[in-house]
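Chains as they are written, first to last, in this note's numbering: chain A, 872 to 1198; chain B, 154 to 680. Every residue gets a Cβ at the ideal spot worked out from N, C-alpha and C, and that includes glycine. Remember, it's a predicted structure, so these values are computed and weren't measured experimentally.
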Amino acid sequence: MLAFIIRRLAQSVLVMLFVALIAFVVFRYVGDPIASMVGVETRLADQEIMRDRLGLNDPVVLQFLRFIGNALQGEFGISYRLQQPVTELILSRLPATLELAFASATIALVFGLMLGVFTALKPRGFATGLIMAISLIGVSLPTFLIGIGLIYIFAVELGWFPSFGRGDTVDLGGWRTGLLTESGLRSLVLPAITLSLFQLTLIMRLVRAEMLEVLRTEYIRFARARGLSQRAVHFGHALKNTLVPVLTITGLQLGSVIAFAIVTETVFQWPGVGSLFIVSVQVVDVPVMAAYLMFIALVFVLINLIVDILYYVVDPRLRVDGGGGGK
Amino acid sequence: MKKVMTHLGLALLSTTMIAGATSAETIRWARGSDALTLDPHSQNQGVTHNFAHHIYETLVDRDVEGTLQPRLATEWSLKEDDPTVWVFKLREGVTFHDGAEFTAEDVVFSLDRARSEASNMRQLHVEVTEVRAVDDYTVEVQTTGPSPLYPDNLTNTFIMDKDWSEANDVVEVQDYAAGADNYAVRNTNGTGPYILQSREVDVRSVMTLNENHWAEDTPAVTEIIYLPIADNATRIAALLSGEVDLVQDVPVQDIDRLQGTGGVKIETGPENRVIYFGYRFGEEPLASSNVTDANPFNDPRVREAMELAVDRDAIAQVVMRGQAIPTGVANPPFVAGWTEELDAYPAVDLDRAQKLMAEAGYEDGFTVTLDTPNNRYVNDEAISQAVVAMLGRIGINVTLASRPVAQHSPLVTNNQTDFYLLGWGVPTFDSAYVFNDLVHTKEGSYGAYNGGLFSDPELDAKIQSLGTEIDMEARDATVAEIWETVKSERVLLPIHNQVLAYAMRDDITLPVHPENQPLLTGLTFAE
């Protein structure tokens, strides 16, 4: 077990280093940060002074090593755009993104499960056909279109929800939350729905497929033969057995919800790390982009690590395979 | 169930109405991006300056006509016996937000800070050698030579309090390379009409009226809530849904629709920014052309043919949807040296253009690559696409290379382009600013954006003389001569001046500022 975890950790470190390298190489081609920082009216000699001060004239290898060295100490430098420490910027934006991600994951899970079970139990109903058709739209429409559509219907035409921002927030010891105020909660509705739609349809289709599979198995037939109530058969036996893959997917998708929040956050001017990243890309704010990519990589690596460990605990076959090498 | 939903909807609707109704004096002001920093000398960038102008003040500034106005300085003039010294008389009885009195030592301190090495404002003060206080309300600025237009450079150089800066250790401007941020990046103490109450970067900033401000007229707006909204559609939606009162960055394609929408109105006006094309001069063949033994752009007949083939009116009408002012000179109309004759441009004449191409030996045309930015100016990429099609009509086969400004700009400054689009604003409102960077031979601090490497020693001498000429009449004559040559030689191919549009609720009025730096003190309410 311990050897397995150590091996996985070593792999994770390699992945992180690789991400850092790719990020760094890509940034060389995003453009000249100075050009966006100073605008066209700054004289070239002054731009050169700035470039020197920022160490952009040093060899790439040296810049990369310096970046890794600082990153190990949790130090990502100062944002070129906002002139504030990057670590602080990202941490201050993180609560917004996490609240949005968890809200939309909850919506996706709850409604995905409900609709999945419903469409599996009534595979030929009219409602099922309708839900499946709509779910296709959810999968295929780009997020920004859904977001803008929702804004026009529910903010501009109906005026039910705010079109942008996070509403009033409350500071709880460094964690700025929008969950405790009315305007904060109302602001959360549209972006959370927008972000959840894709995952919702994914979970729904997964639950439906698994459910249909399980409902055909012997033990369900036996359960029915024993005269158990429909309710006990469907939820006690069938649903329970579909949950393992659903939970795995949900866990893995949580990472992508955080990462895909970029588009939703931009459309709704949601002050999270995603919108911070987009603005930073536009002005080539390299320290923020680097720190963000490293952060997202870390989220994925951590989630994968936890999932792997859980598999190891749950699935005895993995243990046999892993142990074989050790002996 | 349906009924419950309707009720829920109505309940939510009514709360929105209550939350949306604010007192008449609060203005929720949305823009595409946030101020980068609160440190007034650290960034030379329009959005940042616009924000700072509400909190900090400058010695002089410009009104919506582009005319220089007194602000913290009441009078300024060259010293009688010494044209290398500017004398500024300062406004008396002005206090900073923390109550400290505004005096000459604050001006000396701020100008020195603005021209220090880490400051991004230093380019505007390169000629300054010393700033000295004569008495509490008089400051002298010593320049290397006569500098007749120095006050034009002061419109965005803000005045800080010396004692406050020293107490908070912000005597130096924020250095990017340093490990920590500077107190002045997040805190302010100006003399301006509004006091910053709170600020969340990229989210919202709140300012309230400074009751002790020196101006006689109290502004109508008593509270400003500044809301950066990056996405164009969301920003407009916020105005339509009544969540903001004023949108400063309105996308061109939305102007028509907004004009037809009830409760919302649009103010438009010309911006101090001209959009033009530049091309490569010199004998050396173009890197991107199929003509390998000569440079077609170096032939004046080709340049004339290009001008005759480009339909500026069509670009203004179709690409810009009427939101552009076509021009024949690379100089915005606010800038000294602009005349109507220069501004005139020839009608499209394809026959003559084709004849000129044939005379120059290019009856079969030639190929070339056009470099264009795609996120810097209004519809920049679409303008270039239109020009590609127009030049195709006289056989110039243009390949378009479109890049974000961060990648486009180095191509121009490093002269790695044969043909490019660029926009030019003139913050000094003087033609010399255009000549220095776009027309003068590229050498030293001159010709930084002379991407096509145009060079004319005779013009260079004239341009250099502008820097020190103190006889304004002689100077104006030289400016006119230079423009004449630039226009007849077709050193640049100007297209149009950009138009700015602000959208707002229909009971308020905010005139467009040519530098896109409106002060909300100038906002008026109907009735």
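**Cβ-Cβ separation, residue 574(B) to residue 521(B) (assumed contact under 8 Å), whole Å** = In fact, because the Cβ distance is near 13 Å, the residues do not count as touching under 8 Å.
**Asked** Looking at the structure shown, is residue 670(B) part of a helix, part of a strand, or coil, going by DSSP?
**Response** In the three-state scheme derived from DSSP, where H, G and I count as helix and E and B as strand, residue 670(B) is classed as coil.
**Prompt:** Is there a Cβ from chain B that is less than 7 Å from the Cβ of residue 1200(A)?
**Reply:** This structure leaves residue 1200(A) out entirely; chain A is present only between 872 and 1198.
**Prompt:** In terms of residue numbering, what span does the beta strand (DSSP E) encompassing residue 1116(A) cover?
**Reply:** Unbroken run through residue 1116(A) is the alpha helix (DSSP H), 1111 to 1138; no beta strand (DSSP E).
**Asked** Is the beta carbon of residue 1062(A) less than 7 Å from the beta carbon of residue 971(A)?
**Response** Here residue 1062(A) is near residue 971(A), since their CB atoms are less than 7 Å apart.
**Message:** Excluding the 5 residues flanking residue 1179(A) on each side, which residues of the same chain have their C-beta closer than 7 Å to its C-beta?
**Reply:** Excluding sequence positions up to five before and after residue 1179(A), its CB lies within less than 7 Å of the CB of 879, all in the same chain and listed in chain order.
**Item:** Pick from 290(B), 261(B), 518(B) and 512(B) that is closest to residue 243(B), judged by C-alpha positions
**Value:** Among 290(B), 261(B), 518(B) and 512(B), the Cα nearest to that of residue 243(B) is on 290(B).
**Message:** Against residue 428(B), what residues of chain A qualify as contacts under a CB-to-CB distance less than 8 Å, listed in chain order?
**Reply:** Under the 8 Å cutoff, chain A gives no residues; its nearest Cβ is about 12 Å from residue 428(B).
**Prompt:** Checking contacts by CB at 7 Å: is residue 669(B) closer than that to chain A?
**Reply:** For residue 669(B), the closest Cβ of chain A is not nearer than 7 Å.
**Message:** Looking only at its chain, what residues have a beta carbon closer than 6 Å to the beta carbon of residue 654(B), apart from the 5 residues adjacent to it on each side?
**Reply:** Taken in chain order, the residues that qualify are 403, 408, 419 and 421.
**Request:** Could you work out which residues of chain B lie near residue 1073(A), taking near to mean beta carbons separated by less than 9 Å?
**Result:** Simply none; closest approach about 25 Å.
**Beta-ladder partner(s) of residue 228(B), from DSSP** = 242(B).
**Own chain, CB closer than 6 Å to residue 889(A), minus 5 neighbours either side, in chain order** = If we look at residue 889(A) and ignore the five residues flanking it on each side, it has no Cβ neighbours.
**Prompt:** Could one say the Cβ of residue 1027(A) lies closer than 7 Å to chain B's Cβ atoms, at least one of them?
**Reply:** Yes, because at least one Cβ of chain B sits closer than 7 Å to the Cβ of residue 1027(A).
**Request:** Count the other CB atoms, across all protein chains shown, that sit within 10 Å of the CB of residue 377(B); report buried if there are 16 or more and exposed otherwise.
**Result:** Buried.
**Message:** For chain A, check one thing: does any of its Cβ atoms lie closer than 7 Å to the Cβ of residue 396(B)?
**Reply:** Yes, because at least one Cβ of chain A sits closer than 7 Å to the Cβ of residue 396(B).
**Message:** Taking the straight line between their C-alpha atoms, what separation do you get for residue 1167(A) and residue 469(B)?
**Reply:** Distance between the alpha carbons of residue 1167(A) and residue 469(B): 44 Å.
**Message:** Please tell me whether residue 569(B) has its Cβ less than 7 Å away from any Cβ of chain A.
**Reply:** Chain A, which has no Cβ nearer than 7 Å to the Cβ of residue 569(B), makes this no.
**Item:** Chain-order list of residues whose beta-carbon lies under 8 Å from that of residue 583(B) (same chain, five-residue window excluded)
**Value:** Result list for residue 583(B): 302, 305, 488, 489 and 490, in chain order.
**Item:** residue 352(B) versus residue 1027(A): straight-line alpha-carbon distance, rounded
**Value:** In this model, residue 352(B) and residue 1027(A) are separated by some 27 Å (Cα to Cα).
**Prompt:** Taking 7 Å as the CB-CB limit, is residue 884(A) close to chain B?
**Reply:** Taking 7 Å as the CB threshold, residue 884(A) stays off the interface with chain B.
**Asked** Mind listing which residues of the region 1125 to 1156 of chain A have their C-beta closer than 8 Å to chain B's C-betas, in chain order?
**Response** Result list: 1137, 1138, 1139, 1140, 1142, 1146, 1147, 1149, 1150, 1153, 1154 and 1155.
**Message:** Please confirm whether residue 945(A) has its beta-carbon closer than 7 Å to some beta-carbon of chain B.
**Reply:** Chain B contact via Cβ: absent.
**Prompt:** How many angstroms separate the CA atom of residue 833(A) from the CA atom of residue 201(B)?
**Reply:** Coverage of chain A is limited to positions 872 through 1198, which leaves residue 833(A) absent and any answer about it impossible.
**Item:** Per-residue DSSP class, three states only, for residue 286(B)
**Value:** If DSSP states are grouped into helix, strand and coil, residue 286(B) belongs with the strands.
**Message:** To be precise: take each residue of the region 355 to 366 of chain B, compare its Cβ to all Cβ atoms of chain A, and keep it if any distance is under 9 Å. Which residues remain?
**Reply:** Residues are counted here when their Cβ sits less than 9 Å from a Cβ of chain A; for the region 355 to 366 of chain B these are 355, 356 and 357, given in chain order.
**Message:** Counting beta carbon pairs with one atom in the region 1155 to 1164 of chain A and one in the region 891 to 900 of chain A, are three or more of them shorter than 8 Å?
**Reply:** Flag = yes, the region 891 to 900 of chain A and the region 1155 to 1164 of chain A touch.
**Prompt:** Per the contact definition of three or more C-beta pairs closer than 8 Å, is the region 457 to 475 of chain B in contact with the region 632 to 649 of chain B?
**Reply:** When C-beta atoms of the region 632 to 649 of chain B are compared with those of the region 457 to 475 of chain B, three or more pairs fall below 8 Å, so the two segments count as touching.
**Contact list for residue 930(A) against chain B, beta-carbon separation under 8 Å** = In chain order: nothing, as chain B lies at least about 17 Å away.
**Prompt:** Could you give the distance in angstroms between the alpha-carbon of residue 661(B) and the alpha-carbon of residue 479(B)?
**Reply:** Linking residue 661(B) to residue 479(B) through their CA atoms gives a straight-line distance of about 30 Å.
**Prompt:** When you compare only the Cα positions, how much space is there between residue 1012(A) and residue 1070(A)?
**Reply:** If you take the alpha carbons of residue 1012(A) and residue 1070(A), they lie about 13 Å apart.
**Request:** With DSSP as the reference, please indicate the residues paired to residue 223(B) in a beta bridge.
**Result:** Note: residue 223(B) sits in a beta bridge opposite 213(B).
**Asked** When the Cβ atoms of the region 274 to 282 of chain B are set against those of the region 214 to 228 of chain B, are three or more pairs found closer than 8 Å?
**Response** They do not touch, by the three-pair rule.
**Request:** Please name the residue in 1006(A), 1001(A), 959(A) and 1132(A) whose C-alpha comes closest to that of residue 950(A).
**Result:** For the set 1006(A), 1001(A), 959(A) and 1132(A), the Cα lying nearest the Cα of residue 950(A) is the one of 959(A).
**Item:** Residue range of the unbroken alpha helix (DSSP H) whose run includes residue 385(B)
**Value:** Here the alpha helix (DSSP H) through residue 385(B) covers 385 to 393.
**Message:** If I measure Cβ to Cβ from residue 175(B) and keep anything under 7 Å in the same chain, skipping five residues before and after, which residues do I get?
**Reply:** Because the pLDDT at residue 175(B) is just 42, under 50, the model does not fix this residue reliably, and the point stays unresolved.
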